[in-house]
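In this note's numbering, the protein residues as written are 97 to 216.
Listed below in structure tokens is the structure:
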């Protein structure tokens, strides 16, 4: 087994996250419940419980199968292609959104009845 990483590998440990919140939600003044990070390109998207489910949409659009939680204190990975959770290498910083950023977030964008909007 080689330790060389190619651009086609589903985990790119050196790629930083795209920001501190869901890219698409921030662009559309939306909100999220929890955040997920694409292990290949660093895209930050919202989880499947969130109203817009942008992390899964990113996988469907790009074929990038592996995400890591982008929540403080969580380091688990999920592979959409196999529907299996697992562990992986340490990814480039930051490894979560800022601890003072609320979940759900972002601050000021979450409706009072946010729990009604979650997917279960």
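We put the CB at the ideal spot given by N, CA and C, even for glycine.
Predicted model only: the values in this text are computed from it and were never measured.
By the beta-carbon neighbour count (other beta carbons within 10 angstroms, threshold 16), residue 215 is exposed. No residue range can be given for residue 186, since it is assigned to no alpha helix (DSSP H) and is classified by DSSP as neither H nor E. The Cβ-Cβ distance between residue 142 and residue 135 does not fall below 8 Å.
The Cβ atoms of residue 127 and residue 194 do not sit closer than 8 Å to each other. The Cβ atoms of residue 125 and residue 205 lie closer than 8 Å to each other. Taking 8 Å as the upper bound for CB-CB distance, residue 186 and residue 163 are not in contact here, some 15 Å apart.
Taking the C-beta atoms as reference points, residue 130 is found nearer than 8 Å to residue 167.
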